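Respectively, the protein sequence lines represent chains A and B.
Using the numbering used here, you'd call the opening residue of the first sequence number 1 and step up by one each time.
Using the numbering used here, you'd call the opening residue of the second sequence number 1001 and step up by one each time.
Encoded as structure tokens, the structure appears first; notes follow it.
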Amino acid sequence: EDKVVQSPLSLVVHEGDTVTLNCSYEVTNFRSLLWYKQEKKAPTFLFMLTSSGIEKKSGRLSSILDKKELFSILNITATQTGDSAIYLCAVVPNTGNQFYFGTGTSLTVIP
Amino acid sequence: DGGITQSPKYLFRKEGQNVTLSCEQNLNHDAMYWYRQDPGQGLRLIYYSQIVNDFQKGDIAEGYSVSREKKESFPLTVTSAQKNPTAFYLCASTDSGRTYEQYFGPGTRLTVT
């Protein structure tokens, strides 16, 4: 059965800390892995990763995929209170259009 | 502006009543999805549709029904058979021919008492 596991489930850090969020997957015929940030309502897209070892970066956020070990990490440096959100990881297989979401990591950044 | 609209934002119903949640997109996307999100949890797939007049059950389809009569519209009906319908419902769409990025609507929070 295809599945996506995120860890930790929740995390509380102080402003300025660096955090690493993990996403491991068991999905046959992997095509891509996506990271989303969800604040109060709809998730917003952060990154899509398809190739192993290539880092995607946007400001203080970066992500990398390891297709051999079947995981991805999302790094956030110099965290700010505005980074507080649920971070969702989703994996898309080659077959069909179904997205497999993890349970999310709830990040709280305190001043 | 292209996007996905869901209505209403908040919905209250009495137990035993069916309720239909609206989802419309003007992105010309082929695939559309319904997810359910419970507090502190990720997204669980209810139904998805890759083309008009075709849809597939997701992981938690029991107690729900959908239709896809038009490309732009994918309404979800929460029936009285759904044991715990109170949740946040998200609709999404994907242009499966290109990026596979999933676009989300703003969500509908359903409360059944």
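The beta carbon of each residue, even a glycine, is placed where N, CA and C say it ideally should be.
Note that the coordinates shown come from a computational prediction; the quantities given were computed from them, not determined experimentally.
Notebook entry, point to check: Among Leu46/A, Lys68/A, Glu69/A, which residue has its Cα nearest to the Cα of Ser62/A?
Noted result: Leu46/A
Note to self: Using only the alpha-carbon positions, how far apart do Asn97/A and Ile86/A sit?
What the structure shows: 23 angstroms
Next item on the list: At 7 angstroms on the CB atoms, spell out the chain A contacts of Phe1074/B, in chain order.
Entry: Neighbours of Phe1074/B on chain A: none; closest Cβ ~13 angstroms, over 7 angstroms.
Checklist line | Assigned exposure category for Tyr1010/B - 16 Cβ within 10 Å defines buried | finding: exposed
Next item on the list: To the nearest angstrom, report how far apart Ser24/A and Val5/A are at their CA atoms.
Entry: 5 angstroms
Next item on the list: Specify the secondary structure class of Asp83/A as computed by DSSP and reduced to three states.
Entry: helix
Margin query: Need the endpoints of the beta strand (DSSP E) that Lys56/A sits in, please.
Written below: 56-58
Notebook entry, point to check: Straight-line CA distance for Lys37/A to Asp66/A?
Noted result: 21 angstroms
Check: Counting only beta-carbon atoms, is Thr1111/B nearer than 9 angstroms to chain A?
Finding: no
Next item on the list: Please check the pair Arg1044/B and Asp1059/B, which I expect to be a contact at CB under 8 angstroms, by giving their CB distance rounded to whole angstroms.
Entry: 6 angstroms
Note to self: Assuming Val109/A is part of the beta strand (DSSP E), what are its boundary residues?
What the structure shows: 105-110
Note to self: Can you find the residues in the same chain that come closer than 8 angstroms, C-beta to C-beta, to Ser52/A, ignoring five residues on each side of it along the sequence?
What the structure shows: Leu65, Asp66, Lys67, Lys68
Check: Which word fits Ser10/A, buried or exposed, when buried means at least 16 other C-beta atoms lie within 10 angstroms of its C-beta?
Finding: exposed
Note to self: Considering only DSSP beta bridges, list what Ile1004/B is partnered with.
What the structure shows: Gln1025/B
Item checked: Own chain, CB closer than 7 angstroms to Leu49/A, minus 5 neighbours either side, in chain order -> Ser32, Leu33, Lys56, Ser63, Leu65, Ser72
Note to self: Quick test of the definition: if touching needs 3 or more C-beta pairs under 8 angstroms, does the segment 1066-1083 of chain B touch the segment 1020-1040 of chain B?
What the structure shows: yes
Note to self: What does the Cβ neighbour count give for Pro43/A, buried or exposed, with the cut at 16 atoms within 10 Å?
What the structure shows: buried
Checklist line | Endpoints, the beta strand (DSSP E) within which Phe1012/B is located | finding: 1010-1013
Margin query: Applying the 10 Å Cβ sphere with the 16-neighbour rule, what's the burial state of Arg60/A?
Written below: exposed
Check: Does the Cβ of Gly102/A have 16 or more other Cβ atoms within 10 Å, making it buried, or fewer, making it exposed?
Finding: buried
Check: If you count every other CB in all the chains shown that lies within 10 Å of the CB of Thr105/A, and 16 or more means buried, which is it?
Finding: buried
Next item on the list: Could you pull the start and end residues of the beta strand (DSSP E) that Val115/A belongs to?
Entry: This structure gives no information on residue 115/A, because the portion of chain A shown stretches from 1 to 111.
Notebook entry, point to check: Three-state secondary structure (DSSP) at Val5/A?
Noted result: strand
Check: In or out: Val12/A buried (at least 16 other Cβ within 10 Å) or exposed?
Finding: exposed
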